[in-house]
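The next block holds one structure in the form of structure tokens; read it before the comments.
Residue numbers (the working numbering): 1 to 456.
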């Protein structure tokens, strides 16, 4: 290594400073010019700009203005007390409140007062607008409330027209469904406890899908029909305990909850996840029962264990009875039971405890297919909606190359189709009308009237 590298970092390697032989003359002192006065900002002083910004924020966002005022007040209080705000939004009101600290004599802050006035004016204008809107809404809905009250006056009868409720609700089918359910379950039947049953009703009606026919209004319609048949069958209604009636009504509301607007046959043919989950056995009805019982769990958990098991079993049986594949079997079993009772010299009385559940299964199935058994005007509106669903499924079957189970729209003879359906369901109503303590005379009269009109 060289000596230079060895001596690096030592005093020997550093050059010594030697004073110059001729020192430099002292530098001439140059004084800075006096500062110019600040130019006047055309936007105004800083305080004025801050005031305008806060006023603008109060107009556009009262929440932002309130937070700004709070921050400035906290900073001013902290500066006066010689402390720091507790957070980036300023000290909390409790920390600076005279109730929790010594009272502080503060000078009147005109700027803060102006800010509060701006916010108060904005809030006043907002509240005034809301009050005016509410008055207009109340005035506009007064006629609708009267129309809805008039439509619900016949909710206990079979000739109830649910479409009058829809019209009174401005075409909102979910709101109309809520009004019908409220009138039947909570007004006529006085179901309790309402704090558990009302959330269930709201969730069930909200879980129905937005499809043309199998929506919340159909659930409310089946509920109303079930209630009307039960009301007109006085002996059966009187023989049922309150829990059985309530479970039956809730099952009627939820019998098609979550329905996708497609049939079981289509779900099985396309290997839908519901068909796979329930092994191709009544996939829709099993799904309805599972969803409904899950939503009803808060209420059912309040029942004694034995009543909870009995209510759950009845609920499942009622929903599974709405599968159309059980239609012929239900008619055959009831006719055989009627013949057996007649041969023994008695009658098949629905009011007997042993016959109540089977009769309730007939009731809910009949209400589910009861469109042709309603007055003609009500029936025709339901017909348009159910045919719309059928035609959509027919298009899907054609697109997927499946065997057709529904008629195409261009090939549909509506009169022939409806006459065939009436002939298919009439034996169910005729058989039910033979049961003692049951009155199906009103649906049968409407069925015969509908058949006569289509035949003309």
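Here a beta-carbon is modelled for each residue, glycine too, at the ideal position from N, C-alpha and C. No experiment lies behind these values; they were computed from the predicted model shown.
With distances taken between CB atoms, is the gap from residue i to residue j smaller than 7 Å?
i	j	result
residue 425	residue 451	no
residue 289	residue 316	yes
residue 446	residue 374	yes
residue 239	residue 351	yes
residue 283	residue 274	yes
residue 197	residue 298	no
residue 271	residue 439	no
residue 285	residue 319	yes
residue 205	residue 177	yes
residue 223	residue 183	no
residue 437	residue 235	yes
Ordered along the chain, which non-local residues of its own chain (more than five positions away) have a Cβ less than 6 Å from that of residue i?
i	result
residue 225	367 and 370
residue 390	406
residue 229	363
residue 191	185, 197 and 246
residue 237	230
residue 381	163
residue 409	391
residue 326	none
residue 158	228 and 442
residue 400	none
residue 259	214
Quick check on the burial criterion: 16 or more other C-beta atoms within 10 angstroms. Buried or exposed for residue i?
i	result
residue 414	exposed
residue 398	exposed
residue 160	buried
residue 322	buried
residue 241	exposed
residue 411	exposed
residue 372	buried
residue 193	exposed
residue 103	At residue 103 the pLDDT is 46, less than 50, meaning the model places this residue with poor confidence and gives no usable figure here.
residue 281	exposed
residue 200	buried
residue 267	buried
residue 149	exposed
residue 279	exposed
residue 404	exposed
residue 346	exposed
residue 355	buried
residue 304	exposed
residue 210	exposed
residue 220	buried
residue 168	buried
residue 443	buried
residue 394	buried
residue 276	exposed
Assuming residue i and residue j form a contact by the criterion Cβ under 8 Å, report the distance between their Cβ atoms to the nearest whole angstrom.
i	j	result
residue 208	residue 247	Not quite, the Cβ-Cβ distance comes to about 19 Å (not below 8 Å), so this is no contact.
residue 348	residue 338	5 Å
residue 342	residue 431	Rounded, the Cβ-Cβ distance is 13 Å, inconsistent with contact.
residue 378	residue 163	6 Å
residue 314	residue 244	7 Å
residue 262	residue 227	Residue 262 to residue 227, Cβ: 28 Å. No contact.
residue 455	residue 396	The Cβ separation is near 32 Å, so there is no contact.
residue 171	residue 144	Not confirmed; about 11 Å, so no contact.
Ignore the nearest five residues each way along the sequence and tell me which others in residue i's own chain have a CB closer than 8 Å to its CB.
i	result
residue 173	166, 215, 216 and 217
residue 300	293, 308, 311 and 312
residue 330	321, 361, 362, 365 and 428
residue 302	193 and 196
residue 385	212 and 213
residue 156	188, 227, 228 and 231
residue 353	239
residue 175	169
By Cβ distance, which residues of its chain are closer than 7 Å to residue i, with the 5 residues on each side in sequence left out?
i	result
residue 449	376
residue 441	433
residue 402	269
residue 265	405
residue 459	With the chain covering only 1 through 456, there is no way to say anything about residue 459.
residue 154	160
Of all Cβ atoms in chain D, is any one closer than 7 Å to the Cβ of residue i?
i	result
residue 78	The chain inventory of the structure shown lacks chain D, comprising one protein chain alone.
Q.
Quick check on the DSSP output: what are the complete alpha helix (DSSP H) runs of length 4 or more inside the stretch 221-273, in order along the chain?
A. Whole alpha helix (DSSP H) segments, 4+ residues: 234-239, 242-253 and 264-269.
Q: Within the stretch 343-392, note down every full alpha helix (DSSP H) run reaching 4 residues or more, in order along the chain.
A: DSSP assignment within the stretch 343-392 yields the following whole alpha helix (DSSP H) runs of 4 residues or more, N-terminal first: 353-368.
Q) What are the complete alpha helix (DSSP H) segments, minimum 4 residues, inside the stretch 189-222? A) The DSSP assignment places 194-207 as complete runs of the alpha helix (DSSP H) inside the stretch 189-222, in order along the chain (cut-off: 4 residues).
Q | Every unbroken alpha helix (DSSP H) within the stretch 273-337, with a cutoff of 4 residues, ordered by chain | A | Taking 4 residues as the minimum length, the alpha helix (DSSP H) runs contained wholly in the stretch 273-337 are 273-277, 283-295, 297-300 and 305-320, in order along the chain.
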